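Asker: By this note's numbering, the letter at position 164 of the sequence shown is numbered 1198, and the numbering carries on one by one without gaps.
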Amino acid sequence: MFKLLPRDDAFEKMFAEMTGYLIEGAELLEATLRDYQNVEAQVIKLKQIEHRCDEATHRVLVKLHQTFITPFDREDIHALAASLDDVLDFVYAAAERLTTYNIQTPPPAAAELASIVVKQARQLKSAVSRIEKHQDVLGCAVEINRLENEADTVARKGLGEMFRSESDPINLIKLKELIEVLETATDKAEDAANVLESIVLKMA
1035 MFKLLPRDDA
1045 FEKMFAEMTG
1055 YLIEGAELLE
1065 ATLRDYQNVE
1075 AQVIKLKQIE
1085 HRCDEATHRV
1095 LVKLHQTFIT
1105 PFDREDIHAL
1115 AASLDDVLDF
1125 VYAAAERLTT
1135 YNIQTPPPAA
1145 AELASIVVKQ
1155 ARQLKSAVSR
1165 IEKHQDVLGC
1175 AVEINRLENE
1185 ADTVARKGLG
1195 EMFRSESDPI
1205 NLIKLKELIE
1215 VLETATDKAE
1225 DAANVLESIV
1235 LKMA
């Protein structure tokens, strides 16, 4: 039935735009964590990226409201837009904590987790450009889920190292929250992958 519907790639283009912002934001966060200088300026840049993604999300929802025949389920379009936006929200939330909590030296696990989000974001961008190529999308979803499992391991080891080495309990709380927010970003990427998987399975 899907093949008989008029071809409209507007949603695909908007999702590609959103995943582009996601990659840009995650790469900026990783670069900031690896070269920890001018942090406030970098966080401001990331906020601007996050704001552009919010605007793109709004355009998806407006288009959804205006479109009678959608390329796939309306609920899935809404869920995918929301889940992609959530990933960047948590990327920005992690960056914001760097300045709000005045973190002097982020733990190595933070950069590792940001790197994982970058990889997930690239997989999401690849997936949204291939929604009609079902197997390709499923392959991207599998890789995103694998990366989320990797993030769990990185976070667990990172927290263990911090509890062993950090003597300041207040700083420990700050760093622990930073790691947890980054881990949540990887969880949100997995949520987006699950929506994509649901879309292609319904279209099969």
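Every residue, glycine too, gets a C-beta built ideally from N, C-alpha and C.
The model shown is predicted, which means the values in this text are computed figures rather than measured ones.
Take R1156 as the anchor and find which of A1044, E1195, E1074 and E1224 has the nearest alpha-carbon.
Answerer: E1224
Asker: Do L1230 and P1140 have their C-beta atoms within less than 8 Å of each other?
Answerer: no
Asker: Would you say K1222 and V1121 are within 8 Å of each other, going by their C-beta atoms?
Answerer: yes
Asker: Roughly how many angstroms lie between the CA atoms of C1172 and S1232, to the nearest whole one?
Answerer: Checking the sequence, you will find Leu at residue 1172 rather than Cys. Each residue's Cα considered, the two are about 9 Å apart.
Asker: What are the start and end residues of the alpha helix (DSSP H) that includes I1057?
Answerer: Per DSSP, the unbroken alpha helix (DSSP H) holding I1057 starts and ends at A1044 to R1068.
Asker: I need the straight-line Cα distance from N1179 to C1087, nearest angstrom please.
Answerer: 23 Å
Asker: What's the gap between the Cα of D1186 and the Cα of S1149?
Answerer: 13 Å
Asker: Would L1063 pass as a contact of L1158 if the rule is Cβ separation under 8 Å?
Answerer: no
Asker: Decide yes or no for the touch test of the region 1113–1132 against the region 1072–1086: beta carbon pairs closer than 8 Å, at least 3 of them.
Answerer: Three or more Cβ pairs closer than 8 Å define a contact, and the region 1113–1132 meets that threshold against the region 1072–1086.
Asker: Just to confirm my understanding: we take L1193, look at its own chain, exclude 5 residues before and 5 after, and list those with CB closer than 7 Å. What are they?
Answerer: K1210 and I1213
Asker: In whole angstroms, what is the alpha-carbon distance linking P1142 and A1219?
Answerer: Their Cα atoms are separated by approximately 17 Å.
Asker: Let's see if you can read the secondary structure: which residues bound the alpha helix (DSSP H) around P1142?
Answerer: It spans P1142 to V1162 - the alpha helix (DSSP H) in which P1142 sits, taken as one unbroken run.
Asker: Nearest CA to the CA of E1146: which residue from L1235, T1053, D1043 and R1068?
Answerer: R1068
Asker: If you count every other CB in all the chains shown that lies within 10 Å of the CB of F1102, and 16 or more means buried, which is it?
Answerer: With fewer than 16 Cβ atoms within 10 Å of its Cβ, F1102 is classed as exposed.
Asker: Looking at the structure shown, is A1238 part of a helix, part of a strand, or coil, going by DSSP?
Answerer: DSSP places A1238 in the coil class of the three-state scheme, outside both helix and strand.
Asker: Below 8 Å on the Cβ atoms is my guess for L1216 versus A1144; work out the distance and round it to an integer in Å.
Answerer: 6 Å
Asker: Let me know if F1045 comes out buried or exposed under the rule of 16 or more other beta-carbons within 10 Å of its beta-carbon.
Answerer: Counting Cβ neighbours within 10 Å, F1045 comes out buried, since at least 16 surround it.
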